[in-house]
Each structure stands twice: as C-alpha cells, then as structure tokens.
Amino acid sequence: MKETRGLIGSKVSAFIGTSLDGFIARTNGDLDWMSGPGGRADDDYGYNSFMSRIDAVVMGRKTFLKVLTFETWPYQKPVIVLTHRPLRIPARLCKRVETMSGSPKNIVDRLAKRGLLRLYVDGGQTIQGFLSVGMIHELIVSRLPILIGTGIPAFGPLPKDIRLKHIETRTYPGGMVQSAYETKSARPSSTIIK
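Following the working numbering, the numbering of the sequence shown begins with 3 at its first residue and continues without gaps.
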C-alpha cells in the first residue's frame, strides 16, 4: 500500500486579560486586580469555549510558577513549559506537564508532529516572543476596567508592525471588553504527517 502524506497546519492563539492601561500582572506577578467588583461570578467570559478547541497549553516558566500557586490546577490539556533551565514539576502533574526549549517555530512544529495542532500560548514573555516572529494566529484580549499604573506589559517591542483583522468585540456586565483578532502576518507552521 502506498504511503500517504497530509499537510497539517497549526494554529497558535493567545487569550489574555489586561488592565485598561495594558498590563497583564503587577510588577511582582500578582493578579489580585483581576478579581473584584464587576462581572458575574458564573461567567467564564468565553474561556471554556476557547479551551474546548485547544490541544495543548504552552507557557513560560514564570507563568507556570504563578499557576502553581493557584488553589487547583486549572488545565485538563497537556501543558508545555518553556525553559532552558531544569524545572521541578510536582509529582501530581508529571503526566500532564513537560518542559521544552527552542524557537517558537521549533516548538510549534515539534508539537504538531505529536498531533497537538491548536496551541494556547500564555505568559507575557512567551506571547511577546511568539508575536515577534509571527507565530500567533489568533489574539483574544479582555480589557478590564481598571488602571493599575505599572506592571508587566501585555505587549513589548516588535521588529515590525503586526496588522490585525478584527473578528468581534463583546462587552460584559461590569465593564470588561473582549476583542478577538486574527493576525494578518502570522507565518504558517506546518509539518508533514505520515
């Protein structure tokens, strides 16, 4: 029987919450400003729907260490932590979390070969790194109605402008505004699957 090959493309998405002045966390990494008055406690703001179409989560080391402080582990999908240094993963997560290093394209292609085609990239530096090389295809930004003055910026310097195509904007009780965009300059990442 003749071997068939198909070309499979990956889709890399970012789903982030920011203060109105563009920060994803306080300088010390604290997210306390994200909870508080406004919004409904029973609304996930589209997050569960977003996660239902994701195969794996790719995050930076700092984001992983922050998520470890949460009461419960929030991910049912595989998590890949990007780091160049050894990282101790708690025994309870060893089957769901792994570490990896490499360029964004290398990471996306390696995961695609394993069938993990729809990736959620999280963490300020990780998102910025993937954006700077044109590897983010979809960007969902939820702007909360709060100014925190200083913190970790959602976006940083870029080698060139990144044009976005607006897909939709939703508003929520409490004042949060969520916009979805496609990036016009995203590079296709593909691998040949045998």
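Ideal Cβ placement from N, Cα and C applies to all residues, glycine included.
Between residue i and residue j, what straight-line distance do the alpha-carbon atoms span, to the nearest angstrom?
i, j, result
"L113", "A16", "16 Å"
"R42", "Y174", "Any reading at R42 needs caution, since the residue's pLDDT is 47, under 50, leaving its predicted position unreliable; the model's value is listed next. Taking the straight line joining both Cα atoms gives about 9 Å."
"D57", "G117", "8 Å"
"R98", "Q127", "22 Å"
"E170", "S21", "19 Å"
"V179", "M36", "13 Å"
"V60", "Y122", "6 Å"
"I150", "G176", "17 Å"
"P76", "R28", "21 Å"
"M53", "D23", "26 Å"
"Q130", "I154", "12 Å"
"S1", "Y47", "The question about residue 1 has no answer here: the residues shown for the chain are numbered 3 through 196."
"K68", "C96", "17 Å"
"Y108", "M102", "Going by the sequence as given, residue 108 is Asn instead of Tyr. Roughly 10 Å separates the two Cα atoms."
"P148", "F66", "Just to set this straight, residue 148 is Ile in the shown sequence, not Pro. Near 25 Å, if we compare the C-alpha coordinates of F66 and I148."
"L33", "L146", "12 Å"
"K115", "R87", "24 Å"
"F72", "T152", "23 Å"
Nearest by alpha-carbon distance to residue i: which of the options is it?
i, options, result
"T85", "F25, I164, G19, G125", "G125"
"G158", "S12, Y49, I26", "I26"
"K13", "V179, W75, G136", "G136"
"F132", "L149, I148, K115, A156", "A156"
"Q78", "D34, M102, D111, N50", "N50"
"G62", "F72, D34, K115, L89", "L89"
By Cβ distance below 7 Å, which residues in the same chain neighbour residue i in space, the five residues on each side in sequence not counted?
i, result
"S134", "L160, P161"
"T185", "I138, H139, L141, I164, L166"
"V110", "S12, V14, L121, M137, S191"
Could you pull out every residue in the same chain whose Cβ sits closer than 8 Å to the Cβ of residue i, ignoring the five residues on either side in sequence?
i, result
"L70", "P92"
"E100", "P80, V81, I82, V83, I91"
"Y183", "E140, L141, I142, V143, L166, K167, H168, I169"
"R94", "W75"
In the DSSP assignment, the beta strand (DSSP E) including residue i goes from what residue to what residue?
i, result
"R112", "Element bounds for R112: not the beta strand (DSSP E) but the alpha helix (DSSP H), 106-115."
"F25", "25-27"
"M36", "Where M36 is concerned, there is no enclosing beta strand (DSSP E), given that its DSSP letter is neither H nor E."
"M102", "99-102"
"Y183", "179-185"
"I138", "Run containing I138: none; DSSP gives neither H nor E here."
"L84", "81-84"
Where do the ends of the alpha helix (DSSP H) carrying residue i lie?
i, result
"Y122", "First-last for Y122: 120-124, but that is the beta strand (DSSP E), not the alpha helix (DSSP H)."
"V69", "63-69"
"S12", "Looking at the DSSP string, S12 is not in any alpha helix (DSSP H), and its letter there is neither H nor E."
"Y174", "No alpha helix (DSSP H) contains Y174, which DSSP labels as neither H nor E."
"M53", "49-54"
Just to check my reading of the structure: residue i and residue j have Cβ atoms closer than 8 Å, yes? What is that Cβ distance to the nearest angstrom?
i, j, result
"K64", "G31", "7 Å"
"S144", "G19", "5 Å"
"R55", "R120", "6 Å"
Can you list, in chain order, the residues of its chain with a C-beta nearer than 6 Å to that of residue i? Leave out the 5 residues immediately preceding and following it.
i, result
"T74", "none"
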